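Right, one structure below, let's go through it.
Residue numbers (the working numbering): 575 to 850.
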């Protein structure tokens, strides 16, 4: 703060000296978030809006790692809030019980999981049964799903991702991906699908992308349809009841999320363009 100058009323001004600082409230403790990559772009925008309301507030978001890492960060106390885009991992639930900790979850919304293929693929619709058969390898040729004669290249995400965990439930209890699958993170999957006519993959519709991919309808429903069968919950989770700075941030996000989500770019806009 610049020093104030005081005058004696004579011709010569007095030497400047520091004035006492006005009392201010102490800065708020930073709130740390970690977890779902799917939620990251929109969460960063909302965090900036939140901090812009009050310069004392700080929100720190750790990039990458996925839902499982977000839960682990909450458990290890390296994050206050986990961003989650899928089910709570079983091992995390077991650890919570062992530590006698209660998990508080706030659902912000649900995000459709889009099924994506190369732009040249003539297939436009797929049933849930066909989808499970393609990803488990029971269907290994596109011809058996209404496409051209040629092998199917399945692209899946790493196991720590919430969207991947949610999608795998489509396969059925105890089912496994086809041995010929390729395991890639979301960005690499989209790039591969855009360049490989044999590829099929999945992605959250919140995932921002500018690639020429074809979005399939599932059981003749587009991802924009309310009854679309592939959706993942988007939640915030913390150990114990929300209070203090973390509680204030969660309340802001719960109110602001849906409006910000409606204007966010992503696969959902492309899906609407493809299927009206």
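Ideal placement from N, C-alpha and C gives every residue a C-beta, glycine not left out. What you are looking at is a predicted structure, and each value in this text was computed from that prediction instead of being measured.
Residue i to residue j span [Cα, whole Å]
i: residue 634; j: residue 815; result: 20 Å
i: residue 732; j: residue 677; result: 24 Å
i: residue 624; j: residue 640; result: 23 Å
i: residue 713; j: residue 792; result: 16 Å
i: residue 595; j: residue 662; result: A caution first: residue 595 carries a pLDDT of 43, below 50, which makes its placement in the model unreliable, though a value can still be read off. The straight-line gap from Cα to Cα measures roughly 49 Å.
i: residue 832; j: residue 753; result: 39 Å
i: residue 721; j: residue 701; result: 13 Å
i: residue 597; j: residue 824; result: Bear in mind that the predicted position of residue 597 carries a pLDDT of just 43, short of 50, making it unreliable; the figure below should be weighed with that in mind. Whole-angstrom Cα-Cα distance: 28 Å.
i: residue 673; j: residue 771; result: 49 Å
i: residue 758; j: residue 745; result: 19 Å
i: residue 716; j: residue 688; result: 19 Å
i: residue 610; j: residue 630; result: 26 Å
i: residue 707; j: residue 727; result: 13 Å
i: residue 828; j: residue 822; result: 10 Å
i: residue 575; j: residue 691; result: With a pLDDT of 44 at residue 575, under the threshold of 50, the modelled position of that residue is not reliable, and no figure is offered here.
i: residue 736; j: residue 788; result: 23 Å
i: residue 650; j: residue 695; result: 45 Å
i: residue 812; j: residue 668; result: 15 Å
i: residue 621; j: residue 756; result: 34 Å
i: residue 599; j: residue 628; result: With a pLDDT of only 45 at residue 599, under 50, the local geometry of the prediction cannot be trusted, and the value read off the model is given with reservation. Whole-angstrom Cα-Cα distance: 12 Å.
i: residue 747; j: residue 603; result: 43 Å
i: residue 834; j: residue 626; result: 16 Å
i: residue 764; j: residue 773; result: 10 Å
i: residue 618; j: residue 795; result: 31 Å
i: residue 743; j: residue 675; result: 27 Å
i: residue 666; j: residue 616; result: 25 Å
Distance between beta carbons of residue j and residue i, contact taken as under 8 Å
i: residue 729; j: residue 778; result: That pair is no contact at about 14 Å.
i: residue 819; j: residue 648; result: With a Cβ gap of about 15 Å, residue 819 and residue 648 do not count as contacting.
i: residue 785; j: residue 741; result: Rounded, the Cβ-Cβ distance is 19 Å, inconsistent with contact.
i: residue 608; j: residue 636; result: 4 Å
i: residue 750; j: residue 710; result: 7 Å
i: residue 761; j: residue 642; result: Their Cβ separation, rounded to whole angstroms, is 18 Å, which puts residue 761 and residue 642 out of contact at 8 Å.
i: residue 719; j: residue 704; result: 5 Å
Span of the beta strand (DSSP E) around residue i
i: residue 609; result: 605-609
i: residue 805; result: 805-813
i: residue 787; result: 787-792
i: residue 933; result: Coverage of the chain is limited to positions 575 through 850, which leaves residue 933 absent and any answer about it impossible.
i: residue 778; result: 773-778
i: residue 729; result: 727-730
Closest Cα partner of residue i within the set the options
i: residue 686; options: 611, 811, 806, 829; result: 806
i: residue 656; options: 675, 680, 669, 665; result: 680
i: residue 808; options: 762, 697, 691, 682; result: 682
i: residue 697; options: 724, 684, 813; result: 724
i: residue 684; options: 667, 613, 794; result: 613
i: residue 810; options: 800, 619, 654; result: 654
i: residue 739; options: 660, 801, 622, 669; result: 660
i: residue 802; options: 699, 632, 773, 664; result: 699
Extent of the continuous alpha helix (DSSP H) to which residue i belongs
i: residue 702; result: 702-710
i: residue 614; result: 614-627
i: residue 764; result: 760-769
Residue i CB to nearest heavy atom of the ligand COA below 7 Å
i: residue 691; result: As for the ligand COA, it is missing from this structure, which has no ligand bound.
Chain C contact for residue i (CB, 8 Å cutoff)
i: residue 811; result: Of the chains in the structure shown, none is chain C; there is only one protein chain.
Task: Minimum length 3: unbroken beta strand (DSSP E) runs contained in the segment 643-694 - done: Counting only runs of at least 3 residues, the segment 643-694 fully encloses the following beta strand (DSSP E) elements, listed from N- to C-terminal order: 655-658, 677-692.
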